[in-house]
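Numbering (our numbering), first residue to last: 1 to 286. The next block holds one structure in the form of structure tokens; read it before the comments.
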Ligand SMILES: Nc1ncnc2c1ncn2[C@@H]1O[C@H](COP(=O)(O)OP(=O)(O)O)[C@@H](O)[C@H]1O
Ligand SMILES: [Mg+2]
């Protein structure tokens with residue numbers, strides 16, 4: 001999903017909670033605004049916990065403060081071209097900054113970058129596997145981000161890093177280690193799935209060692225209450241956010257529309273004494 005270019009930046013469902021996480025992201029953005037380097041913020045958590053929503057909400061705030069946002073996400077099925085999330089980051093930058101902005105930011109690296117974004121011109125070679133050629137591409141992308149951030153601080157979001165592949169994660173590491181003064185990198189991933197791929201897991205562990213980490217848990221009880229539909233089980237069929245597990249002995253807060261997963265969660269949490277009445281969730285998920 002392309003959160004930055006979707007309704008999540010222009011509206012979307014009501015966002016609640018995550019004040020501490022937004023504050024952490026805000027501090028990192030302040031560092032980018034002041035030219036001290038926004039660094040890398042890693043947001044991890046299970047599917048549906050709210051990673052994309054948090055990042056999209058923050059991206060909207062960052063834009064409101066004058067920052068630029070470039071958003072790319074991994075394609076979870078097979079068949080994605082190499083560096084797909086980064087291709088989307090570059091395209092997203094161009095869409096948001098206007099025609100010609102990417103070519104201008106790419107400058108002398110346009111030929112290398114054209115390997116990823118053919119509209120930039122004739123690629124100087126195909127995407128190569130050799131480490132030297134790969135490093136040249138990493139350097140070209142990183143230098144382009146640096147130049148792109150001259151006009152205004154740049155927030156780069158890589159969604160679903162767990163599905164991005166090792167090469168894209170390595171490029172993230174390269175960009176992070178370049179300590180770009182006016183760039184804030186944010187990557188989102190399902191931590192369990194990132195560990196399943198040995199090659200990716202190694203890169204993610206290296207990133208985690210130096211990045212700012214946000215591990216998303218369920219929403220707090222108060223935030224969750226604000227998400228609860230006011231009455232009637234039918235309300236849960238609406239696309240607006242709903243939540244379950246209030247009062248669960250297990251920390252199993254989840255927010256969102258009544259997806260199959262939330263349905264299961266609600267059934268699990270309908271324990272004796274819970275405000276979620278057993279059976280009240282046994283309807284078809286929307
Ligand atoms: N803080 C929040 N406030 C309101 N709705 C939320 C919040 N966090 C998540 N949601 C809702 O929960 C659902 C799943 O969130 P999402 O961000 O897609 O999860 P993830 O990216 O972790 O898989 C979305 O429908 C989203 O609107
Ligand atoms: Mg997501």
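All C-beta atoms, glycine included, are put in the ideal place defined by N, C-alpha and C.
First and last residue of the beta strand (DSSP E) that includes residue i?
i, result
"residue 44", "39 to 44"
Measure the beta-carbon distance from residue i to residue j and round it to whole angstroms, keeping in mind my assumption that it falls under 8 Å.
i, j, result
"residue 68", "residue 152", "5 Å"
"residue 194", "residue 201", "6 Å"
"residue 187", "residue 172", "6 Å"
"residue 289", "residue 72", "Here the chain has residues from 1 to 286 only, and residue 289 is not among them."
"residue 87", "residue 214", "At roughly 26 Å, the Cβ-Cβ gap does not stay under 8 Å, so residue 87 and residue 214 are not in contact."
"residue 197", "residue 45", "In fact, because the Cβ distance is near 18 Å, the residues do not count as touching under 8 Å."
"residue 163", "residue 154", "Between residue 154 and residue 163 the Cβ distance is about 23 Å, and since that is not below 8 Å, they are no contact."
"residue 17", "residue 219", "5 Å"
"residue 211", "residue 66", "Between residue 66 and residue 211 the Cβ distance is about 24 Å, and since that is not below 8 Å, they are no contact."
"residue 140", "residue 113", "5 Å"
"residue 59", "residue 161", "Residue 59 to residue 161, Cβ: 16 Å. No contact."
"residue 142", "residue 175", "5 Å"
"residue 144", "residue 99", "With 8 Å as the limit, residue 144 and residue 99 do not qualify as a contact, their Cβ atoms being about 16 Å apart."
"residue 156", "residue 97", "With 8 Å as the limit, residue 156 and residue 97 do not qualify as a contact, their Cβ atoms being about 13 Å apart."
"residue 189", "residue 203", "With a Cβ gap of about 11 Å, residue 189 and residue 203 do not count as contacting."
"residue 117", "residue 95", "Incorrect: roughly 12 Å between the Cβ atoms, too far for contact."
"residue 25", "residue 85", "Between residue 85 and residue 25 the Cβ distance is about 19 Å, and since that is not below 8 Å, they are no contact."
"residue 207", "residue 43", "Not quite, the Cβ-Cβ distance comes to about 12 Å (not below 8 Å), so this is no contact."
What does residue i pair with, by DSSP beta-bridge criteria?
i, result
"residue 69", "155"
At which residues does the alpha helix (DSSP H) containing residue i begin and terminate?
i, result
"residue 96", "84 to 97"
"residue 113", "110 to 113"
"residue 130", "No alpha helix (DSSP H) contains residue 130, which DSSP labels as neither H nor E."
"residue 25", "19 to 33"
"residue 15", "Per DSSP, residue 15 belongs to no alpha helix (DSSP H) and is neither H nor E."
"residue 102", "101 to 106"
"residue 63", "51 to 64"
May I ask you to verify whether the region 21 to 31 touches the region 108 to 125, counting CB pairs closer than 8 Å and requiring at least 3? no
Taking 8 Å as the threshold, find out whether the region 171 to 186 comes into contact with the region 32 to 42 through three or more Cβ pairs. yes
Could you tell me which uninterrupted alpha helix (DSSP H) segments, each at least 4 residues in length, are contained entirely in the region 147 to 232, listed from first to last along the chain? 166 to 177, 191 to 196, 198 to 210, 221 to 227
Are three or more beta carbon pairs between the region 12 to 25 and the region 166 to 177 nearer than 8 Å? no
Across the region 73 to 83 and the region 92 to 109, are there enough close Cβ pairs to call them in contact, namely three or more that are closer than 8 Å? no
Are the region 38 to 56 and the region 131 to 139 touching, with three or more C-beta to C-beta distances below 8 Å? no
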